[in-house]
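Written out below as structure tokens is the structure these notes cover.
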Amino acid sequence: MINSYLDVTRSSDLSDRKERAVYRFLEVLPACLSFGTLILAIVFSWLLPAAAAIFIIVFDFFWFLRIIYLAFHQTSSYRKMKNNLKTDWMEKLNGLSSCDWKKIYHLVVLPVYKEGKEIIASTVESIAEADYPKDKMIIVLALEERGGKETLEEAKEVEAAFGKKFFKFLITVHPKGITGEMAGKGSNVAFAVREARGKIIDSFKIPYQNVIVSGFDIDTKPYPQYFSNLTWNYLTAEKPLRSSYQPIPVYNNNVWDAPAFSRIIATSGTFWQMMQQERQEQLVTYSAHAMPLQVLEEVGYPKNIVADDSHIFWKAYFYYDGDYRVIPLYYPVSMDAVMSKTFIKTAVNQYRQQRRWAWGCVEIPFIIFSFLKNEKIPFREKIRHSFTMIDGFWSWATSALLIFFLGWLPLMLGSQEFQTSLLSYNLPRVTSYIMTFAMVGMVLSAVTSLILLPPRPKRFGRLKNVSMLLQWLLLPFTLIIFGNFPSLDAQLRLLLGKHLGFWVTEKVRKAD
Numbered sequence: 061m062i063n064s065y066l067d068v069t070r071s072s073d074l075s076d077r078k079e080r081a082v083y084r085f086l087e088v089l090p091a092c093l094s095f096g097t098l099i100l101a102i103v104f105s106w107l108l109p110a111a112a113a114i115f116i117i118v119f120d121f122f123w124f125l126r127i128i129y130l131a132f133h134q135t136s137s138y139r140k141m142k143n144n145l146k147t148d149w150m151e152k153l154n155g156l157s158s159c160d161w162k163k164i165y166h167l168v169v170l171p172v173y174k175e176g177k178e179i180i181a182s183t184v185e186s187i188a189e190a191d192y193p194k195d196k197m198i199i200v201l202a203l204e205e206r207g208g209k210e211t212l213e214e215a216k217e218v219e220a221a222f223g224k225k226f227f228k229f230l231i232t233v234h235p236k237g238i239t240g241e242m243a244g245k246g247s248n249v250a251f252a253v254r255e256a257r258g259k260i261i262d263s264f265k266i267p268y269q270n271v272i273v274s275g276f277d278i279d280t281k282p283y284p285q286y287f288s289n290l291t292w293n294y295l296t297a298e299k300p301l302r303s304s305y306q307p308i309p310v311y312n313n314n315v316w317d318a319p320a321f322s323r324i325i326a327t328s329g330t331f332w333q334m335m336q337q338e339r340q341e342q343l344v345t346y347s348a349h350a351m352p353l354q355v356l357e358e359v360g361y362p363k364n365i366v367a368d369d370s371h372i373f374w375k376a377y378f379y380y381d382g383d384y385r386v387i388p389l390y391y392p393v394s395m396d397a398v399m400s401k402t403f404i405k406t407a408v409n410q411y412r413q414q415r416r417w418a419w420g421c422v423e424i425p426f427i428i429f430s431f432l433k434n435e436k437i438p439f440r441e442k443i444r445h446s447f448t449m450i451d452g453f454w455s456w457a458t459s460a461l462l463i464f465f466l467g468w469l470p471l472m473l474g475s476q477e478f479q480t481s482l483l484s485y486n487l488p489r490v491t492s493y494i495m496t497f498a499m500v501g502m503v504l505s506a507v508t509s510l511i512l513l514p515p516r517p518k519r520f521g522r523l524k525n526v527s528m529l530l531q532w533l534l535l536p537f538t539l540i541i542f543g544n545f546p547s548l549d550a551q552l553r554l555l556l557g558k559h560l561g562f563w564v565t566e567k568v569r570k571a572d
């Protein structure tokens with residue numbers, strides 16, 4: 061059993077029967093809300109079609125307003141990112157008079173499983189090409205013992221090619237089968253940071269507050285001024301030691317080669333993070349992110365949960381009694397869209413990745429239970445965060461189905477009396493008008509996605525650009541197949557107590 065509520069990841073971790081019952085109820089809650097909504101939509105369409113029709117019209121109109129609201133955030137965030145890409149961040153660092161930026165070290169942790177030398181080398185090379193002084197950068201290739209000897213040999217080859225460019229270059233091998241750990245990124249990162257601290261940070265007596273830890277997926281390639289931008293934000297933050305730092309993930313590494321559905325999902329993820337950067341009160345760490353080493357030492361990186369990227373934020377938030385936030389960087393890092401060797405395997409991998417991300421629903425019971433335990437956080441903040449989390453995962457699991465499919469059920473299941481009513485006649489017309497106006501969000505996404513594209517490889521003709529635009533017509537299908545379904549899958553697993561293990565997304569790129 062655990063010693064603190066901060067270490068709880070599932071109801072079985074709790075020894076107290078009442079607490080375990082409360083936590084188990086909270087684990088069941090997301091699926092009950094999502095499946096309950098879908099079931100009630102069907103039942104009401106059959107028994108009370110008029111009420112269901114009114115609900116659908118109101119719901120569609122609500123989402124129209126939400127799309128417009130989010131579109132403004134997306135546009136604002138894009139403009140800030142564009143300006144930040146043009147800014148000389150080294151010049152801004154040199155202009156800081158209140159502190160010496162050259163004391164700041166960057167510890168970059170790159171978890172590796174079996175991604176291959178090409179993926180590892182391209183990421184390390186992109187870091188080596190960054191404008192931040194390399195004598196202030198520590199690179200850790202965090203290998204898994206279960207990855208095998210071949211991966212270790214590949215890591216050593218990368219070290220031989222790039223190791224001397226940095227202040228320190230460390231290869232760690234995370235042992236398998238450690239009691240209390242879940243095999244995956246979180247436990248590997250925790251082990252790697254501990255090794256780097258003991259062998260490098262402590263040996264050179266570098267203050268923990270002068271070290272910023274960036275936890276990257278192995279396919280993450282930072283844009284040239286990422287680390288100088290991060291350093292500037294760290295040094296100018298109101299509370300640098302009470303903050304994490306979040307860039308915008310742009311899935312450009314293999315975007316020209318990935319299938320259309322994969323590109324849509326990846327780009328939608330980019331746009332969602334853009335929107336979240338504008339809503340700082342809701343921003344939570346995701347994928348590539350950074351935080352002070354001092355925070356990691358005080359809080360402890362989670363090593364027994366799949367959703368470690370978001371969980372470390374919430375763990376720090378509760379450890380500091382709500383005095384913790386995420387600072388948006390409005391600066392991109394490039395990552396891979398899901399792609400495999402075949403179309404079918406890509407689709408399967410895409411679904412599994414989305415299900416893994418949707419497994420973030422485990423944060424709902426953790427957050428609400430932690431709010432019940434922590435009396436120092438204002439009640440208003442507890443309500444706001446709880447509602448935001450529940451609404452987010454409920455919308456993920458239900459919205460596309462309600463908008464594109466279940467909205468027609470009153471016409472299909474309703475009584476003869478309803479089908480001859482004025483409301484029945486106008487339902488498809490009203491919803492069609494609302495959704496047509498809502499397409500402004502899709503058009504904005506399509507145009508922005510073209511602007512964000514890297515240069516087209518020579519092996520593709522100009523017609524490829526047309527396909528990049530037309531792919532957005534697939535959005536309703538991708539939202540349901542790779543949005544609603546994996547989210548419902550994850551919530552159902554949580555309801556049944558069948559917890560997911562960590563699954564590593566396959567990395568495949570084609571040579572130019």
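All residue numbers for the sequence shown refer to our numbering, where the first residue is 61 and numbers rise by one.
Even glycine gets a Cβ: it sits at the ideal position worked out from N, Cα and C.
As the structure is a prediction and not an experimental result, all values here were calculated from the model.
Contacts around residue i, its chain only, beta-carbon distance under 7 Å, and the 5 residues preceding and following it disregarded
{"i": "ASN434", "result": "PHE378, ASP381"}
{"i": "ALA297", "result": "SER303, ILE387"}
{"i": "LEU552", "result": "ALA91"}
{"i": "TYR286", "result": "ALA190, PRO307, TYR391, VAL393"}
{"i": "ARG70", "result": "HIS559"}
{"i": "LYS140", "result": "TYR390"}
{"i": "GLY246", "result": "TYR361, PRO362, LYS363, ILE365, ASP368"}
{"i": "LEU554", "result": "GLU87, PRO90, ALA91, CYS421, VAL422"}
Whether residue i touches residue j by CB criterion (8 Å)
{"i": "ASP640", "j": "PHE227", "result": "For the chain, the structure presents residues 61 to 572; residue 640 sits outside this window and is missing."}
{"i": "GLU205", "j": "LYS224", "result": "no"}
{"i": "LEU290", "j": "ILE272", "result": "yes"}
{"i": "VAL200", "j": "LEU230", "result": "yes"}
{"i": "ILE474", "j": "PRO109", "result": "Looking at the sequence shown, residue 474 is not Ile but Gly. The answer is yes: Cβ separation under 8 Å."}
{"i": "MET150", "j": "SER347", "result": "no"}
{"i": "MET395", "j": "TYR305", "result": "no"}
{"i": "ALA498", "j": "PHE124", "result": "yes"}
{"i": "GLU214", "j": "GLY176", "result": "yes"}
{"i": "TYR173", "j": "VAL564", "result": "yes"}
Sheet register partners of residue i (DSSP bridge)
{"i": "LEU203", "result": "VAL172, VAL233"}
{"i": "PRO352", "result": "ILE272"}
{"i": "MET197", "result": "HIS166"}
{"i": "LYS228", "result": "ILE198"}
{"i": "ARG385", "result": "SER303"}
{"i": "PRO392", "result": "ILE308"}
Among the options, nearest to residue i - alpha-carbon criterion
{"i": "LYS209", "options": "LEU462, ARG302, TYR138, HIS234", "result": "HIS234"}
{"i": "LEU548", "options": "ARG80, LEU93, CYS159", "result": "LEU93"}
{"i": "PHE542", "options": "VAL490, ALA221, SER322", "result": "SER322"}
{"i": "LEU353", "options": "ALA250, ASP148, LEU560", "result": "ALA250"}
{"i": "LEU167", "options": "ALA397, ILE116, VAL500, ALA350", "result": "ALA350"}
{"i": "THR491", "options": "LEU86, GLU217, PHE119, LEU107", "result": "PHE119"}
{"i": "PRO536", "options": "VAL507, ARG516, THR496", "result": "THR496"}
{"i": "PHE95", "options": "PHE562, PHE520, PRO300, PHE453", "result": "PHE453"}
{"i": "ILE450", "options": "GLN413, THR239, VAL88, LYS174", "result": "VAL88"}
{"i": "PHE264", "options": "GLU79, LEU512, ILE427, TYR165", "result": "TYR165"}
{"i": "GLU255", "options": "LEU512, GLU213, TYR485, THR232", "result": "THR232"}
{"i": "VAL6", "options": "VAL344, ARG385, ALA376, HIS371", "result": "Outside the modelled stretch of the chain, which goes from 61 to 572, sits residue 6, for which no answer is possible."}
{"i": "VAL103", "options": "ALA221, THR402, PRO546, LEU471", "result": "LEU471"}
{"i": "LEU301", "options": "SER328, VAL355, ASN248", "result": "VAL355"}
{"i": "ASP148", "options": "TYR283, THR406, PHE562", "result": "TYR283"}
{"i": "PHE465", "options": "LEU98, ARG84, TYR65, VAL568", "result": "LEU98"}
Distance cut-off 7 Å: residue i Cβ against heavy atoms of the ligand ADP
{"i": "TRP316", "result": "Of the ligands one can find in the structure shown there are none, so the ligand ADP has no counterpart to examine."}
8 Å CB neighbourhood of residue i in its chain, flanking five on each side removed
{"i": "MET61", "result": "Note that MET61 scores 42 on pLDDT, short of 50, meaning its location in the model is unreliable and no value can be drawn from it."}
{"i": "MET334", "result": "HIS133, GLN134, SER137, TYR138, MET141, ILE308"}
{"i": "ALA460", "result": "PRO536, LEU539, ILE540, GLY543, ASN544"}
{"i": "LEU156", "result": "TRP292, LEU295, THR296"}
Neighbourhood of residue i by C-beta, 6 Å cutoff - its chain only, sequence neighbours within 5 removed
{"i": "ILE116", "result": "GLY467"}
{"i": "GLU566", "result": "SER400, ASN409"}
{"i": "LEU487", "result": "ALA113"}
{"i": "CYS159", "result": "LEU295"}
{"i": "ALA326", "result": "TYR311, ALA397"}
{"i": "SER509", "result": "THR327"}
Any chain D beta carbon closer than 8 Å to residue i
{"i": "PRO235", "result": "In summary, chain D is missing from the structure at hand, where a single protein chain is found."}
Quick one: which unbroken beta strand (DSSP E) runs of 3-plus residues sit fully inside the segment 251–331? Chain order, please.
Listed in chain order, they are 271–275, 303–310.
Alpha helix (DSSP H) segments (min. 4 residues) lying fully within the segment 508–563
With a minimum length of 4 residues, the continuous alpha helix (DSSP H) runs that stay inside the segment 508–563 are 523–530, 535–539, 545–556.
Give, in chain order, every unbroken run of the beta strand (DSSP E) that is at least 3 residues long and sits entirely within the segment 83–120.
Segments of the beta strand (DSSP E) lying fully in the segment 83–120: there are none.
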